[in-house]
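K.L.:
Position 138, counted from 1, in the sequence shown is what full-length UniProt numbering calls 138; the numbers after and before it change by one each time, with no gaps. Let me begin by handing over the structure; questions about it come next.
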Amino acid sequence: MVASYLIRAGFDTRQAHTGTQAVDEARRFSPDVVVLDLGLPELDGLEVCRRIRTFSDCYILMLTARGSEDDKINGLTLGADDYITKPFSIRELVTRVHAVLRRPRTSTTPPQVTTPLIVGDLILDPVAHRVQVGETTVELTRTEFELLVALALRPGQVLTRRDLVTEVWDTTWVGDERIVDVHIGNLRRKLGTDTRGRGFIDTVRGVGYRVGQP
């Protein structure tokens, strides 16, 4: 049903009925967006997400059941970019896919930023799309990288969830802004701490997040 609505909306669409087919289609078709139901047979959606991430940086939008917080967190940890909770409206899904396709395929870093961003022990190279903590390279998903760049471009400045959604997703994005919290949690886990034992991303309670001290 989802595929038929996307086709009607004008998207060039491929459909898979099992997890194995989904991975094969993603490899052959090289899609810009994968709308991924976590309840697929053979391979579940989480395993499909993990496998697709080994060869593609496409945008992965998960379809999850209401209340399945563990699935949402696990999916985002494995590299999914966003989720929609069932039941959802087809209009919301189509709007979300349109918003995704307006996003640049590379980092949202402004073109004039061609030199590394350095905040303490954290080094971001916007051109090479690389992050280092000291001498260690840290592997991030595209969304995690874009969130970190948005924060590092404004060291010491607090950005709200809405600020980050607008920067990284789209001004027309619809959905739960708390998705930012999950990605920030993943970033903290991957980045670890600096030489003083401090995390790189601070939470300003009731306001938002910042990188670096004011």
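For glycine and all other residues, C-beta sits at the position ideal for the given N, C-alpha and C.
1. Mind reading off the beta-carbon distance from Pro155 to Val211? Whole number of angstroms is fine, and I expect it under 8 Å.
2. Hey, quick one: how far does the alpha helix (DSSP H) through Gly75 stretch, first residue to last?
3. Would Tyr83 and Leu101 be called neighbours here (beta carbons separated by less than 9 Å)?
4. Helix, strand or coil, according to DSSP, for Gln132 in the structure here?
5. Apply the 10 Å Cβ neighbour rule to Val168 and answer buried if 16 or more other Cβ atoms are within range, or exposed otherwise.
6. May I have the straight-line CA-CA distance separating Thr106 from Val204, to the nearest angstrom?
7. By how many angstroms is the C-alpha of Thr193 removed from the C-alpha of Lys72?
8. Out of curiosity, what's the CA-to-CA distance linking Asp24 and Thr77?
9. Going by other Cβ atoms of all chains shown within 10 Å of its Cβ, with 16 needed for buried, is Ala26 buried or exposed?
10. Exposed or buried, Arg162, counting other C-beta atoms within 10 Å across all chains shown (16 or more means buried)?
11. Give me, in chain order, the residues of the same chain whose beta-carbon lies closer than 7 Å to that of Gln15; leave out the 5 immediate sequence neighbours on both sides.
12. For Arg210, list the residues DSSP reports as bridge partners.
13. Please check the pair Thr18 and Glu42, which I expect to be a contact at CB under 8 Å, by giving their CB distance rounded to whole angstroms.
14. Would you mind listing the alpha helix (DSSP H) stretches within the UniProt domain "Response regulatory" (1-101) that are 4+ residues and don't spill past its ends, in chain order?
15. The alpha helix (DSSP H) with Val182 in it runs from where to where?
16. Which of helix, strand or coil does DSSP assign to Leu164?
17. Specify the secondary structure class of Leu153 as computed by DSSP and reduced to three states.
18. Under three-state DSSP, which class holds Leu140?
P.N.:
According to the structure data:
1. Here the question's residue 155 lines up with position 155 in the sequence shown. Here the question's residue 211 lines up with position 211 in the sequence shown. That belief holds up - the Cβ atoms of Pro155 and Val211 are roughly 6 Å apart, short of 8 Å.
2. On the sequence shown, residue 75 is found 75 positions in, with the first residue counted as 1. Residues 69-77.
3. Reading the sequence shown from its first residue, position 83 is the one you call residue 83. Reading the sequence shown from its first residue, position 101 is the one you call residue 101. No.
4. Counting from one through the sequence shown, the residue named residue 132 turns up at place 132. The answer is strand: DSSP assigns Gln132 an E or B state.
5. For the purposes of this step, residue 168 is taken as the residue at position 168 of the sequence shown. It counts as buried.
6. The residue labelled residue 106 in the question sits at position 106 within the sequence shown. The residue labelled residue 204 in the question sits at position 204 within the sequence shown. The pLDDT assigned to Thr106 is 47, lower than 50, so where the model puts this residue is not dependable; a value taken from the coordinates is nonetheless given after this. So the alpha carbons of these two residues sit roughly 29 Å apart.
7. The residue given as residue 72 occupies position 72 in the sequence shown. The residue given as residue 193 occupies position 193 in the sequence shown. Those two C-alpha atoms are separated by around 25 Å.
8. The residue you call residue 24 lines up with position 24 of the sequence shown. The residue you call residue 77 lines up with position 77 of the sequence shown. Spanning the two alpha carbons is a distance of roughly 22 Å.
9. As a working note, residue 26 is residue 26 in the sequence shown. Flag for Ala26 reads buried.
10. In the sequence shown, residue 162 corresponds to position 162, counting from 1. Counting Cβ neighbours within 10 Å, Arg162 comes out exposed, since fewer than 16 surround it.
11. Sequence index remark: in the sequence shown, residue 15 carries index 15 (1-based). Only Ala3 meet the Cβ criterion.
12. The residue given as residue 210 occupies position 210 in the sequence shown. Paired residues: Asp202.
13. On the sequence shown, residue 18 is found 18 positions in, with the first residue counted as 1. On the sequence shown, residue 42 is found 42 positions in, with the first residue counted as 1. At roughly 4 Å, the Cβ-Cβ gap stays under 8 Å, so Thr18 and Glu42 are in contact.
14. 2-8, 19-29, 45-52, 69-77
15. Along the sequence shown, read from residue 1 onward, the residue named residue 182 stands at position 182. Unbroken alpha helix (DSSP H) run through Val182: 179-191.
16. Stepping through the sequence shown from its first residue, residue 164 is reached at position 164. Of the three classes helix, strand and coil, the one that applies to Leu164 here is helix, per DSSP.
17. Here residue 153 corresponds to residue number 153 of the sequence shown, with the count starting at 1. Correct three-state label for Leu153: coil.
18. Here residue 140 refers to the residue found at position 140 when the sequence shown is read from its first residue. Note: Leu140 maps to coil in three-state DSSP.
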